[in-house]
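*Asks:*
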DNA sequence: CTTAAAGCATAGTAAAATAGTATGAATAGA
DNA sequence: TCTATTCATACTATTTTACTATGCTTTAAG
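Protein chains in written order, with my numbering: chain A, 1 to 145; chain S, 146 to 290.
#1: Whole angstroms is fine: what's the gap from residue 12 of chain A's alpha carbon to residue 247 of chain S's?
#2: Which of the three DSSP states is assigned to residue 213 of chain S in this structure?
#3: Which residues in chain A sit within 7 Å of residue 172 of chain S, going by Cβ to Cβ distance?
#4: For residue 222 of chain S and chain A, any beta-carbon pair shorter than 7 Å?
#5: State the Cα-Cα distance for the pair residue 244 of chain S and residue 112 of chain A, rounded to the nearest angstrom.
#6: At a Cβ cut of 7 Å, what residues of the region 148 to 162 of chain S count as close to chain A, listed as they run along the chain?
#7: Is there at least one Cβ from chain A nearer than 7 Å to residue 218 of chain S's Cβ?
#8: If you count every other CB in all the chains shown that lies within 10 Å of the CB of residue 191 of chain S, and 16 or more means buried, which is it?
#9: Grouping DSSP H, G and I as helix and E and B as strand, with all else coil, what is residue 21 of chain A?
#10: Assuming residue 114 of chain A and residue 70 of chain A are in contact, meaning their beta carbons sit under 8 Å apart, how far apart are those beta carbons, in whole angstroms?
#11: With DSSP as the reference, identify every bridge partner of residue 56 of chain A, one or two as the case may be.
#12: Report buried or exposed for residue 184 of chain S, applying the criterion of at least 16 other Cβ atoms within 10 angstroms of its Cβ.
#13: In three-state terms, what does DSSP make of residue 85 of chain A?
#14: Short of 6 Å in beta carbon distance, which residues of its chain neighbour residue 196 of chain S, apart from the five on each side in sequence? Order them along the chain.
#15: Nearest CA to the CA of residue 53 of chain A: which residue from A:35, A:28, A:79?
#16: For residue 247 of chain S, report the span of its alpha helix (DSSP H) as first-last.
#17: Note down, in chain order, all residues in the region 182 to 199 of chain S with a beta-carbon under 8 Å from any beta-carbon belonging to chain A.
#18: Leaving out five residues on either side along the sequence, give the residues of the same chain with a beta carbon under 6 Å from the beta carbon of residue 36 of chain A.
#19: Would residue 173 of chain S be called buried (16 or more neighbouring beta carbons within 10 Å of its own) or exposed?
#20: Can you say whether residue 171 of chain A is buried or exposed, counting buried as having 16 or more other CB atoms within 10 angstroms of its CB?
#21: Could you tell me whether any Cβ in chain A is nearer than 7 Å to the Cβ of residue 251 of chain S?
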């Protein structure tokens, strides 16, 4: 009963983006801050990008930033993008077909509770300190944000 | 984010024992009822046995039965025996060491919620119909129960 | 206008976990 | 004594995970 490193790394990466929101941050920077393989992070960000939860700028001095403000992004969204839907197991027992399966009830209930818990945590809840505003002029921002 | 088949099969097996409680049921019988590999079920029952959540009788016409009454066994117990403790991920980020790690909070909270949910479901909650009392004389019972 | 640094995309791969099988011993009822 | 059962360990094929490798595209800086 474990989440994969994709969810773990992805969440940590999103937290680092939240701290710098709305400024751009490159995979190289995130990789160094969080000690996560840059190439692996690239794969994670391809998923986050195609789910439209982050925006990107290509080319030199490019990077990523959140597509929404930190209070409007939930941990549930991030985990679902990276781990897939939290679905109850398919049960092969005969009972299951006439929807009387006992154990299935457990997995349905559990999936609901997990989703509820994760959907209730906002990215902004995970940022410990307010962002420093001192070096803002050095930071890169997307035109659209 | 999935439970293994061990938890799934183990739970279904425990439900079938609950339905027949306190009578003995062999792995062969459970295997046929639930369409689960008998050899795989054996491994599952070795764990359940050593956790003392089931009782067994060896030899011909032997089998298993619950060690406690169905209302006194929770799904949480069963899952923990078969999947191990539901522990939050270890996080390798630098922040994590000074216990300020943002993402760790998520996994701690989630583990607690999963445990709470599963501990709150009793085996007796999963038995759809009351047991038939008609053929009781054919059934095998442990001396101690 | 060239180049370096970034994102984007797919393919490959080593290690670990999963979901079983196989083999055989110990036990006990018929 | 035979057979059906639990008990225990070892083996194995498949799948998943957690990466790495390769190479293309894009774009700001020099």
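Glycine is no exception: its CB is placed at the ideal position from the N, C-alpha and C atoms.
Bear in mind the structure is a predicted one, so any value in this text is a computation, not a measurement.
*Replies:* Checking against the coordinates, here is how it stands:
#1: 8 Å
#2: coil
#3: Correct list: empty, because the minimum Cβ distance to chain A is about 16 Å.
#4: no
#5: Summary for residue 244 of chain S: the model assigns pLDDT 48, below 50, so the residue's position carries little reliability; its value from the coordinates is reported in the next sentence. Cα to Cα, the separation comes out at about 29 Å.
#6: 148, 153, 156, 157, 160
#7: no
#8: exposed
#9: coil
#10: Not confirmed; about 22 Å, so no contact.
#11: A:64
#12: exposed
#13: coil
#14: 226
#15: A:79
#16: 247 to 264
#17: none
#18: 9
#19: exposed
#20: Outside the displayed span of chain A (1 to 145) sits residue 171 of chain A, for which this structure offers no information.
#21: yes
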